[in-house]
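Here's the structure we're looking at; comments come further down.
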Amino acid sequence: MLPSELLKTKVWRGEISPIFIEPSEEYLELAGDMIGIFKDSTGKKLGELKDILEEMEDQGFDYRLVRGLVALLERRCELVVESSLDPVEIRQTVFRVAARQFPVISDAQRSSAIKEAAGILEMTEKEVEASMYADLENELLLKQFTPLTPAELVYRYNLSIAQTLLFKAVDLRFTASGNHQDILRNVKRLGLMYDARYLDGRVEISLDGPVSALKMTERYGTSLARLLPFIVMAPGWEMEASIVRKDYSGEPRIYHFRMSEKGCRHLFGDLMYQEDISFDSEPEERFYESFVNAGTGWSIIREPEPLITGKRLYIPDFLLEKDGIKVYIEIAGFWTADYLRKKSEKLHEIKDKNLIVLVNSKMACDALKDIIGDVIFFDKKIPLKQILDRLKEFDDVLIRKGLEKIAGMELTLTGDVISVAVIAEREHIPSDSIRIYAESPGINGYVIAGDELVSKVLIKGLETSLKNTMPYHEAVKTINSKGISAADPVLKLLGYTVKWSGLDPESAVINKK
-1 MLPSELLKTK VWRGEISPIF IEPSEEYLEL AGDMIGIFKD STGKKLGELK DILEEMEDQG
59 FDYRLVRGLV ALLERRCELV VESSLDPVEI RQTVFRVAAR QFPVISDAQR SSAIKEAAGI
119 LEMTEKEVEA SMYADLENEL LLKQFTPLTP AELVYRYNLS IAQTLLFKAV DLRFTASGNH
179 QDILRNVKRL GLMYDARYLD GRVEISLDGP VSALKMTERY GTSLARLLPF IVMAPGWEME
239 ASIVRKDYSG EPRIYHFRMS EKGCRHLFGD LMYQEDISFD SEPEERFYES FVNAGTGWSI
299 IREPEPLITG KRLYIPDFLL EKDGIKVYIE IAGFWTADYL RKKSEKLHEI KDKNLIVLVN
359 SKMACDALKD IIGDVIFFDK KIPLKQILDR LKEFDDVLIR KGLEKIAGME LTLTGDVISV
419 AVIAEREHIP SDSIRIYAES PGINGYVIAG DELVSKVLIK GLETSLKNTM PYHEAVKTIN
479 SKGISAADPV LKLLGYTVKW SGLDPESAVI NKK
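As numbered in our numbering, residues -1 to 511 make up the sequence shown, in order.
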């Protein structure tokens, strides 16, 4: 995106469009010349580079085009301060010396102040002169420039001016014949207010624009602009936006901005755009980190596969999954009242899914209170405990169904030591169900010991092998030698207690009750 003053547009009968540049010989030559200037300026001061670039505006090109290309190239520059000491510290020292010699009006007085400051700073006078203003923009040193091809610069310029125009959008509508999931995920990650429909193999997405938002317009506009590269990379894309601009009388007016792959593909080329879009919402990021660290046994997936509700597509913020149970999480972010109503209608259609909606109490409206599913209101921090309480209800259902399944089947077990996790995966039963059932009514021929089922025959053999009183570490070694991972549950089953003398296991002793 470029500063709005660098945007060139053409208006005709209610239509508006940026003035794109063709990847023709004329503009490719201009782009190549400017890239060459930046390459040749490596190691020079930014002020020197700007002096050269100003001459480019005298070659007959619109100054807004030249400055737009310069802005894009400057973003590929690494600028550094050429000074061993902080220029601010140097200036402060010089000014303190000059204040004592006030007024400093002659070259001799100035040289005297510089000389004294140099002595204080243990620098030469020449170094003080060179470093005193080294942090000012024109004095910055162009350390490194990351080049690109002339065609890439032309494509990026066209993309940038289109993004700049979209910053004034009331709404944006686009369709594509592929890449649906990636586009929708990026819509979600950018925090955009959207409505998506799937019709005849094409996805149609409508977005509220920054001008329609009630607040945070600049941030929202930037997010909308960041979506454009993902649209133009999709196959079969078409887009239309309503743009607010002042007409010739100074009154605001709505104009239509249209683009399509068919008419504009050559303007953007095969633009490869990579951007790692992080969490747009701080509550989302905190919730994700807190949930992962909670160790619930539930997996969490950000922006899962889209749900189809009628003809609409909808991607929840998160999917929580455990043993085949799926729970979707939606966090109400920066939404307008109208968008809240549309979102509520969409959520109403999700009747066969487990859904938890988290709503900032400051953004709550009556429509959200009637959503089918759980609605949890929060102030600043998402209440993780309330979500975990809801998940426990699902856990209880899973465990109950698992117990019913075990009761109605005949478990085939072989071996003296069997991992509960292995049985759970094989039989598609929650591990907790197996543990509970093993305790009561019990699994024929086996007892539960930690995360394993151990045959009663092996337990009987251990009862014979272990002495009534013996060192703890020897008992553990004996139990482990039979393939049992956790010794303490076995000792408890056999009626042993452990007497500790300090923290050293070598000094602990087991006693039969």
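Each residue gets a CB set at the ideal place from its N, CA and C atoms; glycine is no exception.
Buried versus exposed, by CB contacts within 10 Å (16 or more), residue i
i: ILE241; result: buried
i: THR91; result: buried
i: LYS213; result: Confidence at LYS213 is low in this model, with a pLDDT of 47, below 50, so its placement is unreliable and no value can be given for it.
i: LEU0; result: buried
i: THR412; result: exposed
i: SER431; result: buried
i: GLU328; result: buried
i: GLU283; result: exposed
i: ASN184; result: buried
i: ILE19; result: buried
i: ILE229; result: buried
i: TRP10; result: exposed
i: ASN478; result: exposed
i: MET407; result: exposed
i: ARG98; result: exposed
i: PRO233; result: exposed
i: ASP180; result: exposed
i: ASP31; result: exposed
i: VAL290; result: exposed
i: LYS383; result: exposed
i: GLY219; result: buried
i: ALA330; result: buried
i: ARG187; result: buried
i: PRO525; result: In this structure the chain extends from -1 to 511, so residue 525 is not present and cannot be described.
For residue i, the first and last residue of its enclosing beta strand (DSSP E)
i: MET(-1); result: MET(-1) -> no beta strand (DSSP E), and no H or E assigned at all.
i: PHE375; result: 372 to 376
i: HIS254; result: 250 to 258
i: ARG243; result: 236 to 244
i: VAL78; result: 75 to 78
i: GLU328; result: 323 to 330
i: LEU353; result: 352 to 358
i: SER505; result: Unbroken run through SER505: none, as it is neither H nor E.
i: ILE299; result: 297 to 300
i: SER417; result: 415 to 417
i: LEU318; result: 316 to 320
Span of the alpha helix (DSSP H), counted from its first residue to its last, around residue i
i: ASN478; result: 470 to 478
i: LEU44; result: 44 to 54
i: ASN18; result: Residue identity differs from the one stated: residue 18 is Phe in this sequence, not Asn. That residue, PHE18, is in no alpha helix (DSSP H); it is neither H nor E in DSSP.
i: PHE289; result: 280 to 292
i: THR91; result: 85 to 98
i: LEU63; result: 61 to 72
i: VAL395; result: 382 to 405
i: VAL488; result: 485 to 491
i: LEU26; result: 23 to 38
Selected residue, minimal CA-CA separation from residue i, among the options
i: LEU386; options: TYR326, ARG256, ARG108, THR294; result: THR294
i: SER204; options: ILE252, LEU311, ALA473, ILE434; result: LEU311
i: PRO428; options: GLY440, ILE434, GLY400; result: GLY400
i: GLY454; options: ALA422, VAL420, LEU464, ASP414; result: As written in the sequence, residue 454 is Lys, which differs from the Gly given in the question. Comparing Cα-Cα distances from LYS454 to each of ALA422, VAL420, LEU464, ASP414, the minimum goes to ASP414.
i: LEU28; options: HIS471, ALA239, LEU51, GLY248; result: LEU51
i: LYS379; options: LYS390, VAL357, ASP393, VAL395; result: VAL357
i: LYS42; options: GLN142, GLY406, LYS113; result: GLN142
i: LEU518; options: ASP377, LEU460, GLY448; result: Nothing in the structure corresponds to residue 518, since the chain is present only between -1 and 511.
i: ASP372; options: LEU353, GLN161, ILE441, LYS320; result: LEU353
i: HIS264; options: MET54, LYS186, MET231; result: MET231
i: LEU5; options: LEU305, LEU44, ARG65, ASP198; result: ARG65
i: ARG137; options: VAL79, ALA292, ARG94; result: It should be noted that the sequence gives Glu, not Arg, for residue 137. The shortest Cα separation from GLU137 among VAL79, ALA292, ARG94 belongs to VAL79.
i: LEU164; options: THR144, PRO101, SER2; result: SER2
i: HIS471; options: ILE457, VAL452, LYS458, VAL496; result: VAL496
i: PRO469; options: SER22, TRP498, ILE441, LYS490; result: TRP498
i: GLY322; options: ALA419, PHE266, HIS426; result: HIS426
i: ALA223; options: PHE285, VAL86, GLY248, SER158; result: SER158
i: PHE59; options: GLU24, GLU46, LEU83, GLU72; result: GLU24
Residue i: CB within 7 Å of a non-hydrogen atom of the ligand SAH
i: GLU282; result: You won't find the ligand SAH in this model; it holds no ligand whatsoever.
key: Stretch pair the segment 143 to 156 + the segment 120 to 134: three plus CB contacts closer than 8 Å   = no
task = Could I get the ranges of all uninterrupted alpha helix (DSSP H) runs contained in the segment 117 to 201, with 4 residues as the minimum, in chain order?
result = 123 to 129, 148 to 164, 178 to 187
task = Within the segment 419 to 467, note down every full beta strand (DSSP E) run reaching 3 residues or more, in order along the chain.
result = 444 to 447, 450 to 453
query = Between the segment 242 to 257 and the segment 179 to 194, do at least 3 Cβ pairs fall closer than 8 Å?
reply = no
message = For the structure I just gave you, are there three or more beta carbon pairs, one from the segment 481 to 500 and one from the segment 443 to 450, closer than 8 Å?
response = yes
query = Quick one: any contact between the segment 165 to 180 and the segment 116 to 127, if contact means 3 or more CB pairs under 8 Å?
reply = no
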